[in-house]
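As they're listed, the protein sequences go chains A and B.
Going by the working numbering, the letters in the first sequence line up with residues 836 to 1041, in that order.
Going by the working numbering, the letters in the second sequence line up with residues 836 to 1041, in that order.
Just so you know, even glycine gets a beta-carbon here, dropped at the ideal spot from N, CA and C.
Number of protein chains: 2
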Amino acid sequence: MQPFYQLYSQLEPELQEEIEKNATIKTFTTGDIIIRTGQYVKSTMLILEGMVKVFRENEEGDEFLMYYIKPGEACALSLVCASKMEASKIMAKAVEDTTILMVPIQLMDEWMANYKSWYYFVLETYRNRFEELLVLIDHVAFRNMDERLQFYLNRHSEVNQTKKINISHQQIADELNSSREVISRLLKKMEQRGLVSLHRNYIEML
Amino acid sequence: MQPFYQLYSQLEPELQEEIEKNATIKTFTTGDIIIRTGQYVKSTMLILEGMVKVFRENEEGDEFLMYYIKPGEACALSLVCASKMEASKIMAKAVEDTTILMVPIQLMDEWMANYKSWYYFVLETYRNRFEELLVLIDHVAFRNMDERLQFYLNRHSEVNQTKKINISHQQIADELNSSREVISRLLKKMEQRGLVSLHRNYIEML
DNA sequence: TTAAGCTCGTAACTAATGTCACCGATTTAT
DNA sequence: ATAAATCGGTGACATTAGTTACGAGCTTAA
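Here it is, written out as structure tokens:
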């Protein structure tokens, strides 16, 4: 695991000390739900290791994938929700064994005033998530399912640094809010066009 | 027009003075484009009067409505983009005659450090837009066009405080990224269910 | 080892949405 | 005044996506 000071090197040393002094470390194993929709957010979360997927849920419990959070990044929504002690509007799941620094929210305001690097970090986190949401909106607004599927696979491949995507058609369908049959059909077409090769429980990007 | 200090009463008086001293006022008439996609953002914008619609555009120039900005609110994206002198990722249009305070971005950092109310204002603006985007994503991800249309009409009605919506079917179709015929069809159904009454160039909510 | 439960393929059908063609009515520009 | 453009209604059809149904192979747990 990369050490904290290296992952968050943009934070000034005094702030890094502050964080290490006040934060607690939580670990999650693959599949664990880190925060549920509606749960109260009491901490800001900084990812140290692993990988987190962030979902938006509807009333029926369908899970729509929004974005990934990687080591060195913070959960933008934990930054907002935490500052107001609000209920989480999203659900976050560990997709690998994941280590997270939990920072009590009371410190956020203080740091914001005293550490310029914290303020920049928070703004930058917001900015990045905001832009990711814009791209996501583009896709659901302007694209058909075949393009969205390709985007999904590419992103998965990039984020996990591998051409081999270990995932079932069912799970893809859930995260794109489609159905298994539709995804299988589209994947088959992609295979015929030579874009992927399909196997049980994994897809290979070509 | 409500005076500045009343619209932005959450900002501390010293900051209000700073703003009034440094800002320039720009006026736009109905239909004017306030900022185009790709244009460089050099100022933060605070709405004083009127109404602004914010769109996301695709390569073909289709315009997808994201949200409204009302007096007393700031453009969240002008806050982010401006801080980095980046190209705008959205297009904003005046839907009424609109007056906007333009604040040079150099001052943002300074204010952020010196005025707690500014920092809260920026964070709050982000938070609100973020949540609006989440709701928007819910709609395009989980809802069919009929529900999205109803949401569109309700929001329009609320934002403009009127049951009479002056808009053509074509424009609704554009902003929902659908087609005129589909919208006409769905509106007809809504009329048959007694939800609206249709007229040339306006729709009445019942 | 046997049953249950995933996983994926596929065909047939339905539903939702988009497209094309055409119409008459109204408004706007010249 | 006349032509051009906008507006909306509508039927026919195409495309995309979702649903139902079923089968066959693999994995897991009792």
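### Message
With a threshold of 6 Å on Cβ separation, who are the neighbours of A:MET1025 within its own chain once the five nearest residues in sequence on each side are excluded?
### Response
Position 190 of the first sequence, counted from the start, is the residue given in the question as residue 1025 of chain A. Excluding sequence neighbours, A:MET1025 sits near VAL1031.
### Residues bridged to B:ALA948 (per DSSP)
Locating residue 948 of chain B in the second sequence gives position 113, counting from the first residue. Answer is none; B:ALA948 lacks a bridge partner.
### Task
Specify whether the region 881-898 of chain B and the region 907-921 of chain B touch according to this definition: at least 3 beta carbon pairs, one from each stretch, less than 8 Å apart.
yes
### Message
What does the Cβ neighbour count give for B:TYR1037, buried or exposed, with the cut at 16 atoms within 10 Å?
### Response
Stepping through the second sequence from its first residue, residue 1037 of chain B is reached at position 202. By the 10 Å Cβ count, B:TYR1037 comes out exposed.
### Query
Taking the continuous alpha helix (DSSP H) assigned at A:SER992, which residues delimit it?
Taking the first residue of the first sequence as 1, we reach residue 992 of chain A at position 157. 980-994 is the span of the alpha helix (DSSP H), which, as asked, contains A:SER992.
### Message
Do A:THR933 and A:MET886 count as a contact pair if the criterion is CB distance below 9 Å?
### Response
Within the first sequence, the letter at position 51 stands for residue 886 of chain A. Within the first sequence, the letter at position 98 stands for residue 933 of chain A. Cβ distance < 9 Å, so A:MET886 and A:THR933 count as in contact.
### Query
Would you say A:VAL887 faces chain B, with C-beta separation under 9 Å as the test?
Taking the first sequence and counting its residues from 1, the one referred to as residue 887 of chain A is at position 52. For A:VAL887, the answer is no, since every Cβ of chain B falls outside 9 Å of its Cβ.
### Beta-carbon spacing of A:ALA929, A:ILE1002 below 9 Å
Position 94 of the first sequence holds residue 929 of chain A. Position 167 of the first sequence holds residue 1002 of chain A. No, these two residues do not count as a Cβ contact at 9 Å.
### Query
Thinking C-beta only, is A:PHE956 closer than 9 Å to B:VAL915?
Within the second sequence, numbered from 1, the residue matching residue 915 of chain B stands at position 80. Within the first sequence, numbered from 1, the residue matching residue 956 of chain A stands at position 121. Cβ distance not < 9 Å, so B:VAL915 and A:PHE956 don't count as in contact.
### Task
Under 9 Å between beta-carbons, which chain A residues line up against B:ASN1012? List them in chain order, please.
Taking the second sequence and counting its residues from 1, one reaches residue 1012 of chain B at position 177. Within 9 Å Cβ-Cβ: ALA976 and PHE977.
### Query
Opposite A:LEU1033 in the DSSP bridges: which residues?
Position 198 of the first sequence, counted from the start, is the residue given in the question as residue 1033 of chain A. In DSSP, A:LEU1033 forms a bridge with A:ILE1038.
### Task
Quick one: give me the first and last residue of the alpha helix (DSSP H) that A:VAL1017 is part of.
The residue given as residue 1017 of chain A occupies position 182 in the first sequence. Unbroken alpha helix (DSSP H) run through A:VAL1017: 1015-1027.
### Message
I want to know whether the region 848-867 of chain A touches the region 936-949 of chain A - three or more CB-CB distances under 8 Å.
### Response
yes
### Message
Under 7 Å, CB to CB, which of the residues in the region 957-976 of chain A have a partner in chain B?
### Response
LEU958, TYR961, ARG962, PHE965, GLU966, LEU968, LEU969, LEU971, ILE972, ASP973, VAL975 and ALA976
### Task
Confirm, please, whether the CB-CB distance from A:LYS877 to A:MET920 is below 9 Å.
Mapped onto the first sequence, residue 920 of chain A falls at position 85. Mapped onto the first sequence, residue 877 of chain A falls at position 42. Yes, they are a contact pair.
### Task
Please compile the residues from chain B whose C-beta is within a distance smaller than 7 Å of the C-beta of A:PHE986.
For the purposes of this step, residue 986 of chain A is taken as the residue at position 151 of the first sequence. Chain B residues near A:PHE986: none, gap ~14 Å exceeds 7 Å.
### Query
B:THR960: buried (16+ other C-beta within 10 angstroms of its C-beta) or exposed?
Residue numbering aside, residue 960 of chain B sits at position 125 when the second sequence is read from its first letter. Result: buried.
### Query
With 16 other CB atoms within 10 Å as the buried threshold, where does B:LEU1041 fall?
As a first step, residue 1041 of chain B must be located in the second sequence, where it is residue number 206. Its Cβ having fewer than 16 others within 10 Å, B:LEU1041 is exposed.
### Under 7 Å (Cβ pairs) to chain B, residues found in the region 922-944 of chain A
LYS924
### Query
Residues of chain B with a CB under 8 Å from the CB of A:VAL876: which are they?
If you number the first sequence from 1, residue 876 of chain A lands on position 41. Chain B residues near A:VAL876: none, gap ~12 Å exceeds 8 Å.
### Query
Among residues of its own chain, excluding the 5 on either side of A:TYR875, which ones have a beta-carbon nearer than 7 Å to its beta-carbon?
Position 40 of the first sequence, counting from 1, holds the residue named residue 875 of chain A. MET920 and ALA922, listed in sequence order.
### Query
Near A:THR859, what residues of its chain come up, given a Cβ to Cβ distance below 7 Å and the 5 sequence neighbours on each side ignored?
Taking the first sequence and counting its residues from 1, one reaches residue 859 of chain A at position 24. The answer, listed in chain order, is MET937.
#### Entry: Chain-ordered neighbours of A:ASN893 on chain B, where CB pairs are closer than 7 Å
The residue labelled residue 893 of chain A in the question sits at position 58 within the first sequence. Ordered by position in chain B, the residues that pass the 7 Å Cβ test against A:ASN893 are ASP973 and PHE977.
### Residues near B:HIS974 in its chain [Cβ-Cβ closer than 8 Å; skip 5 each side]
Position 139 of the second sequence, counted from the first residue, corresponds to residue 974 of chain B. If we look at B:HIS974 and ignore the five residues flanking it on each side, its Cβ neighbours are GLU982, ARG983 and PHE986.
### Message
Is A:VAL1017 close to chain B? Criterion is C-beta to C-beta, closer than 9 Å.
### Response
Here residue 1017 of chain A corresponds to residue number 182 of the first sequence, with the count starting at 1. It does not: the Cβ of A:VAL1017 has no partner Cβ on chain B nearer than 9 Å.
### Query
How about B:ASP897 and B:ASN995: do their beta carbons lie closer than 9 Å?
Sequence index remark: in the second sequence, residue 897 of chain B carries index 62 (1-based). Sequence index remark: in the second sequence, residue 995 of chain B carries index 160 (1-based). Result no, Cβ atoms of B:ASP897 and B:ASN995 do not sit closer than 9 Å.
### Message
Please classify B:LYS1023 as buried or exposed, where buried requires at least 16 neighbouring CB atoms within 10 angstroms.
### Response
Along the second sequence, read from residue 1 onward, the residue named residue 1023 of chain B stands at position 188. B:LYS1023 should be labelled exposed.
### Task
Drop a sphere of 10 angstroms on the beta-carbon of B:MET926, count the other beta-carbons inside from all chains shown, and report buried for 16 or more, exposed for fewer.
Within the second sequence, residue 926 of chain B is the residue found at index 91, counting from 1. B:MET926 should be labelled buried.
#### Entry: Cα-Cα separation between A:GLN845 and A:TRP953, rounded to whole angstroms
Here residue 845 of chain A refers to the residue found at position 10 when the first sequence is read from its first residue. Here residue 953 of chain A refers to the residue found at position 118 when the first sequence is read from its first residue. Each residue's Cα considered, the two are about 9 Å apart.
### Task
Please confirm whether B:ARG891 and A:LEU969 have their CB atoms less than 9 Å apart.
Residue 891 of chain B sits at position 56 when you count from the first residue of the second sequence. Residue 969 of chain A sits at position 134 when you count from the first residue of the first sequence. Contact flag set, yes.
### Message
Rounding to the nearest angstrom, what Cα-Cα distance links B:TYR950 and B:PRO848 in this structure?
### Response
Taking the second sequence and counting its residues from 1, the one referred to as residue 950 of chain B is at position 115. Taking the second sequence and counting its residues from 1, the one referred to as residue 848 of chain B is at position 13. Those two C-alpha atoms are separated by around 10 Å.
### Task
Name, please, each residue of chain A whose Cβ falls closer than 8 Å to the Cβ of B:ASP897.
Looking up residue 897 of chain B in the second sequence gives position 62. Simply PHE977.
#### Entry: Same chain only: Cβ atoms within 6 Å of B:SER913, ignoring 5 sequence neighbours per side
Numbered from 1 along the second sequence, position 78 holds the residue referred to as residue 913 of chain B. The residues are VAL876, THR879 and MET880.
### Query
Which partner residues does A:GLU898 have in the DSSP bridge list?
Numbered from 1 along the first sequence, position 63 holds the residue referred to as residue 898 of chain A. Its beta-bridge partners are A:GLU892.
### Query
Can the beta-carbon of A:PHE899 be found closer than 9 Å to that of B:ILE940?
Start at 1 with the first residue of the first sequence, and residue 899 of chain A comes out as number 64. Start at 1 with the first residue of the second sequence, and residue 940 of chain B comes out as number 105. For A:PHE899 and B:ILE940, no; Cβs fall outside 9 Å.
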